[in-house]
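Q: The numbering of the sequence shown is our numbering, which starts it at -18 and goes up by one. We treat Cβ as the ideally placed atom computed from N, Cα and C, and that holds for glycine. Following this message is one structure expressed as structure tokens.
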Amino acid sequence: MHYCNLAGPTIDWLVDELGLGITEAVFAPEHTLYSVPRTYKAGTIDGTSAVLVALLKKLETYDNITIHTTTQAIRLIQDELSGRIIGVMAVDGNGMLQEFYAEHGVILATGGFGNNPAMLEKYVAGSEDWLMIVAPGSTGDGHRMAREVGADLVNMEYVPTYNYGFERSNGQIQMVYVRSELFGGLYINSEGKRFVNELATQKSREHALRVQPGSVMFEVFDDAINQANNRSNINALIADGEIASANTIEELAVKIGLDPDVFAQTIETYNSYVDAGEDLDFGKTPLNVKIETAPFYAAKLRPLGLLTLGGVSIDLNGRVLDTNGSAIPGLFAAGEMLGGLHGTHISSGNGVTAPIVFGRLAGQQVVLTEKFGLRPETAATTDIVLTDGTFSGSAMSFGGEMKVEVTVEAGKITEITILSHQDTPAIASGALETMVGKILDANSINVDTVTGATITSKGLINAMQDALSN
Ligand SMILES: Cc1cc2nc3c(=O)[nH]c(=O)nc-3n(C[C@H](O)[C@H](O)[C@H](O)COP(=O)(O)OP(=O)(O)OC[C@H]3O[C@@H](n4cnc5c(N)ncnc54)[C@H](O)[C@@H]3O)c2cc1C
């Protein structure tokens, strides 16, 4: 519901703020058709998605945004005291380790995990028999990084597949929508038998293929069906010998490795169903086209995965949830790395819309998040002569004034008492305890601040400097 509510305003934003010339929803015939036109098409500019071009143009208008390409995030940096995510570690194009610190939070938008065979094997049963042509960057890095800081991963087994996975003889994997079933073509498994109503819903047909031996099917059609289908890409694949053809059913069976007797019996039985007007095996209707006109064709197909639907859960503000359902402070996520959004399947177009909607949401929400201290640093380098006595001092810290009392005995700082502060208790209490320990150990205020609590750390150091300088 939240997604639906945000989708409309996001389209408006694309049009009004980014200047995309899309104002009318259309039917998108390359997808399973919706009952009403509801697809907005932005098209491409010089071969690149117009949405991406517009977003990049917008980014260029900000002088405080740097895009690091060829830089791979490898780990989230988590403040050990508060658990807050405060940055990422990355490896740049020269193999150098880089650290990036965030003032407000980190947004993960690393896509899916369909290009990570180990993750597919772990989470998606049967996927070893499928063909995948996902985006190359879909390596599940974001899933792993989020998991490492306690994020819950949901619906990881949900990977929609389409019955269009085609492997050319040179090993190249292609998406080939043969479409013969609309004109009477049959789906035959590697045992030479039909396994589904070829005109059932797309989802039923896809699930039926997955459970066939080796997840293999042959889309079988004759010349009359091919003429009716009339697809130039299919004719090209036939001409190249990539789709098998033969003048008899038995010959075709031998070519594609099926038992000729079983296959011929399947076709004969099916043709008898057409004559009788009833498909006794799968109840297909309409049933009016026999497989009888040579040459006969068979396209070998397997499930094809384009994207994965499992990943992190987020709350309504785009914050990543841990296994207890609590938001991990400072961590947001968007895009294909979200789980729990689409279910087992995805309505066409939402693979693109959802990343834009939730990317925008995360961007809006992250800047509303309270600022956090930055990287650890040495906050003070002042040389202070330690004089015995008990002194009080104060300085501005994250939430306001911090007051301290310091005792020095025989030239050593022996006691530090935080009299008051107004910083966020969850972050400040651990940080102040750590800082006090560091200062006592060093007998100096020239110590590193606590990662993720820099402002609080500096507040204490400055308050001590104030006390000891008096
Ligand atoms: C062939 C194909 C056809 C599709 N057709 C449709 C369609 O018709 N309709 C539809 O709705 N959806 C479709 N999809 C799905 C849709 O394109 C994706 O779901 C969507 O683009 C995901 O967007 P994203 O921004 O989340 O991830 P991506 O677009 O994959 O972007 C993630 C980015 O993060 C980068 N990245 C990954 N790991 C790291 C790291 N560790 N450090 C730094 N960067 C990293 C990646 O390199 C990539 O640039 C299709 C997908 C494919 C592959």
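Return the residue from the list -12, 370 and 3 that minimises the CA-CA distance to residue 392.
A: For the purposes of this step, residue 392 is taken as residue 411 along the sequence shown, with counting starting at 1. Selected option, being the one with the closest Cα: 370.
Q: Along the chain, where does the alpha helix (DSSP H) that runs through residue 339 open and close?
A: Locating residue 339 in the sequence shown gives position 358, counting from the first residue. Residue 339 -> alpha helix (DSSP H) spans 331 to 347.
Q: With a threshold of 6 Å (Cβ to nearest heavy atom), would residue 47 be considered close to ligand 1?
A: Translated into the one-based positions of the sequence shown, residue 47 becomes position 66. Result no, Cβ not under 6 Å from ligand 1.
Q: Let me check one thing: in DSSP terms, what residues is residue 314 bridge-paired to?
A: Translated into positions along the sequence shown, residue 314 becomes position 333. Residue 314 pairs with 89.
Q: Under a three-way DSSP split, which group does residue 298 fall into?
A: For this step, residue 298 is matched to residue 317 along the sequence shown. It is coil, neither helix nor strand.
Q: Quick check on the DSSP output: the beta strand (DSSP E) that includes residue 477 runs from which residue to which?
A: Any answer about residue 477 is impossible in this case: the structure gives the chain only from -18 up to 451.
Q: Give the C-beta separation of residue 186 and residue 197 to the nearest angstrom, bearing in mind that I take them to be a contact with Cβ-Cβ under 8 Å.
A: Counting from one through the sequence shown, the residue named residue 186 turns up at place 205. Counting from one through the sequence shown, the residue named residue 197 turns up at place 216. That pair is no contact at about 14 Å.
Q: Count the other CB atoms, across all protein chains shown, that sit within 10 Å of the CB of residue 184; report buried if there are 16 or more and exposed otherwise.
A: For this step, residue 184 is matched to residue 203 along the sequence shown. The residue is exposed, with fewer than 16 neighbouring Cβ atoms inside 10 Å.
Q: Kindly indicate which three-state DSSP category residue 41 falls into: helix, strand or coil?
A: Within the sequence shown, numbered from 1, the residue matching residue 41 stands at position 60. Of the three classes helix, strand and coil, the one that applies to residue 41 here is helix, per DSSP.
Q: Going by DSSP in three states, residue 421 sits in which element: helix, strand or coil?
A: Numbered from 1 along the sequence shown, position 440 holds the residue referred to as residue 421. In the structure shown, residue 421 sits in a helix (DSSP, three-state: H, G or I).
Q: When we look at the beta-carbon of residue 424 and count the other beta-carbons within 10 Å, is it buried (16 or more) or exposed?
A: Working through the sequence shown from its first residue, we reach residue 424 at position 443. When all chains shown are included, residue 424 counts as exposed.
Q: To the nearest angstrom, report how far apart residue 446 and residue 65 are at their CA atoms.
A: Indexing the sequence shown from 1 puts residue 446 at position 465. Indexing the sequence shown from 1 puts residue 65 at position 84. Near 28 Å, if we compare the C-alpha coordinates of residue 65 and residue 446.
Q: What is the C-beta distance between residue 23 and residue 0, in whole angstroms, given that I count them as a contact (C-beta under 8 Å)?
A: In the sequence shown, counting from the first residue as 1, residue 23 sits at position 42. In the sequence shown, counting from the first residue as 1, residue 0 sits at position 19. Wrong, their Cβ atoms sit about 11 Å apart, outside the cutoff.
Q: Starting from residue 208 and walking both ways along the alpha helix (DSSP H), at which residues does that stretch end?
A: What you label residue 208 is simply residue 227 of the sequence shown in a count that begins at 1. Element bounds for residue 208: 204 to 210.
Q: Would you decide whether residue 95 is buried or exposed? Buried here means 16 or more other CB atoms lie within 10 Å of its CB.
A: Position 114 of the sequence shown, counting from 1, holds the residue named residue 95. A residue is called buried when at least 16 other Cβ atoms come within 10 angstroms of its Cβ; residue 95 meets this threshold and is buried.
Q: Could you give the distance in angstroms between the alpha-carbon of residue -17 and the alpha-carbon of residue 322?
A: The sequence position of residue -17 within the sequence shown is 2, counting from 1. The sequence position of residue 322 within the sequence shown is 341, counting from 1. The straight-line gap from Cα to Cα measures roughly 10 Å.
Q: What would DSSP say about residue 303, mapped onto helix, strand or coil?
A: As a working note, residue 303 is residue 322 in the sequence shown. Residue state, collapsed to three classes: strand.
Q: Among 298, 271 and 144, which has the Cα closest to the Cα of residue 206?
A: As a working mapping, residue 206 is identified with position 225 in the sequence shown. Considering only alpha carbons, the answer is 271.
Q: Check whether the Cβ atoms of residue 164 and residue 210 lie closer than 7 Å to each other.
A: Here the question's residue 164 lines up with position 183 in the sequence shown. Here the question's residue 210 lines up with position 229 in the sequence shown. Taking 7 Å as the Cβ cut-off, residue 164 and residue 210 qualify as a contacting pair.
Q: Please look up how many angstroms separate the CB atoms of residue 287 and residue 115, rounded, as I've assumed it's under 8 Å.
A: In the sequence shown, counting from the first residue as 1, residue 287 sits at position 306. In the sequence shown, counting from the first residue as 1, residue 115 sits at position 134. Yes, residue 287 and residue 115 are in contact; Cβ-Cβ is about 6 Å, under 8 Å.
Q: CA-CA distance, residue 225 and residue 21?
A: Counted from its first residue, the sequence shown places residue 225 at position 244. Counted from its first residue, the sequence shown places residue 21 at position 40. Their backbone Cα atoms lie some 38 Å apart in a straight line.
Q: Within its chain, find whatever has a CB closer than 6 Å to the CB of residue 135; leave out the 5 residues flanking it on each side and keep chain order.
A: The count along the sequence shown starts at 1 and reaches residue 135 at position 154. Within the same chain, residue 135 has close Cβ partners 294, 320 and 321.
Q: Could you check where the beta strand (DSSP E) with residue 401 kicks off and where it finishes?
A: Working through the sequence shown from its first residue, we reach residue 401 at position 420. Taken as a continuous stretch (DSSP letters only), the beta strand (DSSP E) holding residue 401 covers 393 to 401.
Q: Residue 292 and residue 90: beta carbons closer than 7 Å?
A: Against the sequence shown, residue 292 aligns to sequence position 311. Against the sequence shown, residue 90 aligns to sequence position 109. No. Outside cutoff.
Q: Under 6 Å from any heavy atom of ligand 1, does the C-beta of residue 6 make it?
A: For the purposes of this step, residue 6 is identified with residue 25 of the sequence shown, where counting begins at 1. No, ligand 1 has no heavy atom inside 6 Å of this Cβ.
Q: Out of 166, 269, 75 and 330, which one is the CA nearest neighbour of residue 200?
A: Position 219 of the sequence shown holds residue 200. Residue 166 is the option with its Cα nearest to residue 200.
Q: In the DSSP assignment, what residue or residues form a beta bridge with residue 26?
A: One-based indexing of the sequence shown puts residue 26 at position 45. 29.
Q: By how many angstroms is the C-alpha of residue 231 removed from the C-alpha of residue 244?
A: On the sequence shown, residue 244 is found 263 positions in, with the first residue counted as 1. On the sequence shown, residue 231 is found 250 positions in, with the first residue counted as 1. Using only the alpha carbons, I get a separation of about 7 Å.
Q: Residues in the same chain with beta-carbon distance under 6 Å from residue 275, minus the five sequence neighbours each way, listed in chain order, please.
A: For the purposes of this step, residue 275 is identified with residue 294 of the sequence shown, where counting begins at 1. Cβ neighbours of residue 275 beyond the five flanking positions: 228.
Q: Rounded to whole angstroms, what is the Cα-Cα separation between residue 17 and residue 313?
A: The count along the sequence shown starts at 1 and reaches residue 17 at position 36. The count along the sequence shown starts at 1 and reaches residue 313 at position 332. Taking the straight line from one Cα to the other gives about 33 Å.
Q: Can you tell me whether residue 77 is buried or exposed? The criterion is at least 16 other CB atoms within 10 Å of its CB, across all chains shown.
A: Start at 1 with the first residue of the sequence shown, and residue 77 comes out as number 96. Per the 10 Å Cβ criterion, exposed.
Q: If you pair each beta-carbon of the region 238 to 254 with each one of the region 136 to 147, do three or more pairs fall below 8 Å?
A: no
Q: State whether the region 431 to 444 contacts the region 402 to 422, with contact taken as three or more CB pairs (one from each stretch) at a distance under 8 Å.
A: yes
Q: What first and last residue would you give for the beta strand (DSSP E) that runs through residue 156?
A: As a working note, residue 156 is residue 175 in the sequence shown. Segment 154 to 156, the beta strand (DSSP E) holding residue 156.
Q: Please report how far the alpha carbon of residue 300 lies from the alpha carbon of residue 282, in whole angstroms.
A: Here residue 300 is taken as the residue at index 319 of the sequence shown, counted from 1. Here residue 282 is taken as the residue at index 301 of the sequence shown, counted from 1. So the alpha carbons of these two residues sit roughly 40 Å apart.
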